[in-house]
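Presented below is the structure to which this report refers.
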Amino acid sequence: MQLKLTSSRLPFASILLIAPFFLWGTAMVAMKNTIAHTTPLFMAGVRLVPAGLLVLGVAAAMGKPQPKGWAAWLWISLFGLIDAALFQGFLAEGLVRTGAGLGSVMIDSQPLAVALLSSWLFGESIGLWGWLGLLFGVLGISLIGLPDTWILNLVSTLQGANVDVTHAGATLANLFNNGQWLMLLAALSMAV
Numbered sequence: 591m592q593l594k595l596t597s598s599r600l601p602f603a604s605i606l607l608i609a610p611f612f613l614w615g616t617a618m619v620a621m622k623n624t625i626a627h628t629t630p631l632f633m634a635g636v637r638l639v640p641a642g643l644l645v646l647g648v649a650a651a652m653g654k655p656q657p658k659g660w661a662a663w664l665w666i667s668l669f670g671l672i673d674a675a676l677f678q679g680f681l682a683e684g685l686v687r688t689g690a691g692l693g694s695v696m697i698d699s700q701p702l703a704v705a706l707l708s709s710w711l712f713g714e715s716i717g718l719w720g721w722l723g724l725l726f727g728v729l730g731i732s733l734i735g736l737p738d739t740w741i742l743n744l745v746s747t748l749q750g751a752n753v754d755v756t757h758a759g760a761t762l763a764n765l766f767n768n769g770q771w772l773m774l775l776a777a778l779s780m781a782v
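The numbering used here runs 590 ahead of the 1-based position in the sequence shown.
Right, here's the structure in full:
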């Protein structure tokens, strides 16, 4: 089947085509600038409430049926907990502690987690090139996201040097103060 391309009557159709990607890419920068003037969790809520109301309004305008029964509302509540509380919470709190660019790269590691989860949960096959890509992806994300002391301790361990275990424990205790770690937790929450 051959795809037949048609020309658009709109002179700015190409701009409309790339606009979602541009707007998605600027979200971290806008959030980073806004966080300085409010609390992270309030900003996360401000992102979700208008979107939720818009979805409800569009569904009502289209005559879509509302969820019925406890099971449907349980799934909606579970999604709300994971997306609103975990993803948005980790994202907003992580952005306080890291830069917008690095935070954006960390949050976009989510496809790596989806590939691993789909393999483990659903038995989807990941070929040799897929595993190699995942290995490089996890290695790259680890190098930019893990605290330097962890990486240096790992290198020292691989070289046979003594590792300061008390320092490693202190680093583990401070992990939640690391913005990159919170961004990775947000990516994992989004993957679920």
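Ideal Cβ placement from N, Cα and C applies to all residues, glycine included.
First and last residue of the uninterrupted alpha helix (DSSP H) at Thr-629: Neither: Thr-629 is in no alpha helix (DSSP H) and is coded neither H nor E.
Rounded to whole angstroms, how far is the Cβ of Leu-774 from the Cβ of Gly-735, which I believe are closer than 8 Å? Approximately 6 Å separates the beta-carbon atoms of Leu-774 and Gly-735; this is inside 8 Å, confirming the contact.
Given a cut-off of 8 Å, decide if Leu-707 and Ala-781 are closer than it, judged by their beta-carbon atoms. Contact: yes.
Comparing C-alpha positions only, which one of Thr-616, Thr-739 and Trp-721 sits nearest to Gly-691? If we check each option's Cα against that of Gly-691, Thr-616 comes out closest.
Measure the beta-carbon distance from Val-695 to Gly-769 and round it to whole angstroms, keeping in mind my assumption that it falls under 8 Å. Actually they do not touch by this definition, with Cβ atoms about 12 Å apart.
Top-ranked residue by Cα proximity to Gln-678, from Leu-702, Arg-637 and Ala-705: Arg-637
Same chain, Cβ closer than 7 Å to Leu-778, neighbours up to 5 away in sequence not counted: Ala-703
Using 8 Å as the cut-off, can you tell me whether the segment 623 to 631 makes contact with the segment 665 to 684, which would need three or more C-beta pairs spanning the two stretches below that distance? yes
In three-state DSSP terms, what is Asp-698? It is coil, neither helix nor strand.
Taking the continuous alpha helix (DSSP H) assigned at Ala-675, which residues delimit it? Element bounds for Ala-675: n/a, residue is neither H nor E.
In terms of alpha-carbon separation, which member of Trp-771, Gly-689, Gly-642 and Ala-675 lies closest to Met-621? Scanning Trp-771, Gly-689, Gly-642 and Ala-675 for the CA closest to the CA of Met-621 turns up Gly-689.
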